[in-house]
Amino acid sequence: MAKDLFLEIGCEEIPAGFVPKAMADMEALMKRELETARIEFGEIVTLGTPRRLVLAVKGMAERQPDAELTAMGPAKSAAYDADGNPTKAAQGFARGQGVEVADLKVVMTPKGEYLAAVKSEIGRDTAELLPEMLPRLIGNIPFKKSMRWADFDVRFARPIHWIVALYGGTVVPFAFGNIESGSASRGHRFMANTTFPVRDLPHYLEECERHFVIPDPEKRKAIIRQEIDRVARQAKGNVLPDEALLEQVSFLVEYPSAVHGTFSPDFLVVPREVLITSMREHQRYFSLVDDQGKLLPGFITINNTLTEDPQVVVKGNERVLRARLSDARFFFDEDHKVKLESRVESLKSVVYQAKLGTSYEKMERFRELAKGLAQRHNPAVADKAARAATLCKADLVSGMVGEFPEVQGIMGREYALHDGEDAAVANAIAEHYLPTQAGGELPASDIGAFVSLADKTDTICGCFSVGLIPTGSADPYALRRSALGIINIILDKKYREPLSGLIKSSLDLLAGKATRPVEQVYQDVLDFFRGRFVNLMADRYPSDVVDAVVSVSFDDLVEAAAKIQALAEFRKRDDFAALAGAFKRVGNIVKEGVDTPVAAALFQEPAEGALYEAQQQVKQKVDAALSGADYLAALTEIATLKPSVDAFFDKVMVMAEDEKVRQNRLALLTSIARLFGSLADFARLSA
1 MAKDLFLEIG
11 CEEIPAGFVP
21 KAMADMEALM
31 KRELETARIE
41 FGEIVTLGTP
51 RRLVLAVKGM
61 AERQPDAELT
71 AMGPAKSAAY
81 DADGNPTKAA
91 QGFARGQGVE
101 VADLKVVMTP
111 KGEYLAAVKS
121 EIGRDTAELL
131 PEMLPRLIGN
141 IPFKKSMRWA
151 DFDVRFARPI
161 HWIVALYGGT
171 VVPFAFGNIE
181 SGSASRGHRF
191 MANTTFPVRD
201 LPHYLEECER
211 HFVIPDPEKR
221 KAIIRQEIDR
231 VARQAKGNVL
241 PDEALLEQVS
251 FLVEYPSAVH
261 GTFSPDFLVV
271 PREVLITSMR
281 EHQRYFSLVD
291 DQGKLLPGFI
301 TINNTLTEDP
311 QVVVKGNERV
321 LRARLSDARF
331 FFDEDHKVKL
341 ESRVESLKSV
351 VYQAKLGTSY
361 EKMERFRELA
371 KGLAQRHNPA
381 VADKAARAAT
391 LCKADLVSGM
401 VGEFPEVQGI
411 MGREYALHDG
421 EDAAVANAIA
431 EHYLPTQAGG
441 ELPASDIGAF
451 VSLADKTDTI
461 CGCFSVGLIP
471 TGSADPYALR
481 RSALGIINII
491 LDKKYREPLS
501 GLIKSSLDLL
511 AGKATRPVEQ
521 VYQDVLDFFR
531 GRFVNLMADR
541 YPSDVVDAVV
551 SVSFDDLVEA
561 AAKIQALAEF
571 RKRDDFAALA
581 GAFKRVGNIV
591 KEGVDTPVAA
601 ALFQEPAEGA
611 LYEAQQQVKQ
621 KVDAALSGAD
631 YLAALTEIAT
641 LKPSVDAFFD
651 KVMVMAEDEK
661 VRQNRLALLT
671 SIARLFGSLA
681 DFARLSA
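Counting with full-length UniProt numbering, you get residues 1 to 687 for the letters of the sequence shown.
Below is the structure:
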């Protein structure tokens, strides 16, 4: 009979950003534990608040089934000597498996005959396994930062205060540090700081709400959404949508309630982005706007308690916000006393990176790149692109950005407009930081796109040039994000900009800074972009289709993306498997191919001439389709060669005894292979 498992880990407040990942990790860890233990199970549910992580597994089998386990050992040839006596390899394997050499079996594998130890394992009760499994699961939850407390040899995000562990309503006994598992949970720290018994998940959820705790993050978000909409209506405004803030706030509270506060309208002279940032980043406040989207002098904050006198809470929040906005107003007024252009010189004293020089040197490098991009793709804005590149980092030495780093670029735009700079240049200053996250907003203007591409390319090439290359666990300069930003901008703007040329231009400008061989850096950077592009495309199209195209070329990202899309569509044809098989057969025979021209005079079979004639006709149509970037049409034309290819293989012996005939037939097949090879490597496509 199946039973349900319930686990709650109660602790001190976990950072909001840790909780969602911990929930996902708990589910993955539990699933792996159960599958490894061969225990059948149903749905896994995870919940979380700042003070608790919850895992529930429905329908867990009461016992793991008996199993026959096979452990593979050395090859038979290495296990016995010429006289048939067991070698040390066989003896060591048997000893490691706890069996006699005579009990080992010989099994046939794709690699040949190997020794194997086959053992029967009697299944254990789930209730017996869980006391071993659950402490291991708790200890394996990977947090960005974890801590120890007292002198206990365990780690967790924050000190644990209680654990509830039930299987079929019965306590699963174990200890984690100094905490013994039990059946009692705790209510809200301030509104219901008492314990309550737990029977199962439904009972737990019911009791939590009675004790002012909402364990389900989605339910908390729904409550917060309703609360802020209600308070906004009372304040005669609308909530400025901010899903990221809503997500964050939902993991800061266990029982949300909203209150409305105001600030002086005098602060509205400060750019709205600064006001919104001050409220969101520093105070976790939701901003209010009117029906036209204009910022209102008000905010909504989410409390973790129901307050007896909301005005006390409101006044406290207003006082804190007033101090923040006063600072912003001061820096805004002071920054206006110095022109943005005058700040550029100050970048010479700002170290960008010890080996790569100052921010001023970096600016000079990517200004050249930006100007070159503009001259190739929109010459009319080349001067404006250079001007935007010159000014785009100047706000980094302003008082406002020094106090509020989140508004870099935004303040550059505001100060540029205040100084009378061209509006297109000012907007590009703000746009050049885009995108700021995966899937984020991209630069709308060409000028912003050119400066963004140049800045990000210099960052990547510069870091690779001095050995600052991302690892699997560390990417301090956000190079992966920069590479994705470059790829997405190029695809969005449809710039036919060869990556190889852009990288080489950047590396030329870095010649005096590089500490690694430029050829190696070039290849490493190109491979880095290839990896990011493949990952991006694989999220949209089958991975083997992406691999088939990228293995041929990806230097022109727009072309590569279009070919991938076309091949993915072409693959939907009912006869695709047969087409791919024919093309693979051609490729397998010619391998690298031969470079001799096809000589019709050497044809001996009608099928040779028919294939050659078909190839010539199709090539003209394919070339026309490729020149028009109609890759689906090119693939469709190539597909018409299949009957002629099949007839050729049916009627013609490619490896003829006459060397000239043989080479001519290989040359014919090479022309076919290179025709479809210009689009993709069909050998990399699965059936």
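Ideal placement from N, C-alpha and C gives every residue a C-beta, glycine not left out.
Closer than 7 Å by C-beta to residue i: which residues in its own chain qualify, once you throw out the five before and the five after it? Chain order, please.
i, result
"E33", "M133, L137"
"A667", "V594, T596, P597, V598"
"E637", "V618, K621, V622, A625"
"V590", "L666, L669, T670, A673"
"E273", "V407, I410"
"M655", "R662"
"A232", "N238, V239, L288, I300"
"K384", "D422, A424, V425, I447"
"S505", "L369, G372"
"P310", "V259"
Once you ignore the five residues that flank residue i on each side, which residues in its own chain have a CB closer than 8 Å to its CB?
i, result
"A416", "L340, L391, V425, A426, I429"
"V466", "Q353, K355, L356, K513, A514, T515, R516"
"residue 691", "The structure shown does not extend to residue 691, since the chain is modelled only from 1 to 687, so the question has no answer here."
"A423", "L417"
"G182", "W162, I163, V164, A165, V171"
Considering Cα atoms alone, identify which of the options is closest to residue i.
i, options, result
"T545", "E569, V525, A610", "This sequence places Val at residue 545; Thr is not what is there. Ranking the options by Cα distance to V545, first place goes to E569."
"M411", "V652, T459, F649, H336", "H336"
"A157", "M147, V164, L166, A165", "M147"
"K456", "G439, S506, S482", "S482"
"S326", "V590, V312, D266, D291", "D266"
"R496", "L468, R376, R540", "R376"
"T459", "D527, L396, F366", "F366"
"S543", "A561, A258, A438", "A561"
"G316", "V270, D291, V259", "V259"
"G169", "F6, W162, D229", "F6"
"S359", "G439, G48, L347, E40", "L347"
"C11", "G92, F196, S185", "S185"
"D492", "F450, D383, C463", "F450"
"E100", "V118, K384, R280, Y541", "V118"
"P159", "A165, A683, P50, R220", "P50"
"V678", "T471, E43, A548, G448", "Note on identity: in this sequence residue 678 is Ser, with Val being the wrong assignment. Ranking T471, E43, A548, G448 by Cα distance to S678 puts A548 first."
"S553", "F533, R540, D539", "F533"
"R571", "L635, D555, V19", "L635"
"R220", "D539, N304, F190", "N304"
Do you know how far the Cα of residue j is from the Cα of residue i?
i, j, result
"M400", "L295", "20 Å"
"S551", "G531", "12 Å"
"D419", "N535", "43 Å"
"F603", "S686", "34 Å"
"S445", "L632", "30 Å"
"E254", "H188", "7 Å"
"D646", "A582", "7 Å"
"E121", "L166", "27 Å"
"G587", "K494", "32 Å"
Is residue j closer than 7 Å to residue i when the C-beta atoms are compared?
i, j, result
"A94", "K105", "no"
"E8", "V54", "yes"
"F529", "L499", "yes"
"A22", "I141", "yes"
"P256", "I228", "no"
"L201", "A28", "no"
"A67", "E40", "no"
"P135", "F176", "yes"
"C461", "Y477", "no"
"R210", "S278", "no"
"A394", "A370", "no"
"P215", "G123", "no"
"Y114", "A150", "no"
"L579", "A614", "no"
Spatial neighbours of residue i within its chain, please: C-beta separation below 6 Å, excluding the five flanking residues on both sides.
i, result
"A78", "A89"
"L611", "S644, F648"
"E559", "none"
"G261", "F299, V314, N317, E318"
"R155", "S146, R148"
"Q248", "A16"
"R52", "E8, G10"
Any heavy atom of the ligand ATP within a distance shorter than 6 Å of the CB on residue i?
i, result
"I39", "Within the structure as shown, the ligand ATP is missing, as the structure has no ligands at all."
Beta-carbon of residue i versus every beta-carbon of chain B: anything under 7 Å?
i, result
"A634", "In the structure shown, chain B cannot be found, because there is only a single protein chain."
- Query: Would you say the segment 81-91 touches the segment 34-41, given that touching needs at least three Cβ pairs under 8 Å?
  - Reply: no
- Item | Contact the segment 65-72 vs the segment 197-205: 3+ CB pairs below 8 Å | no
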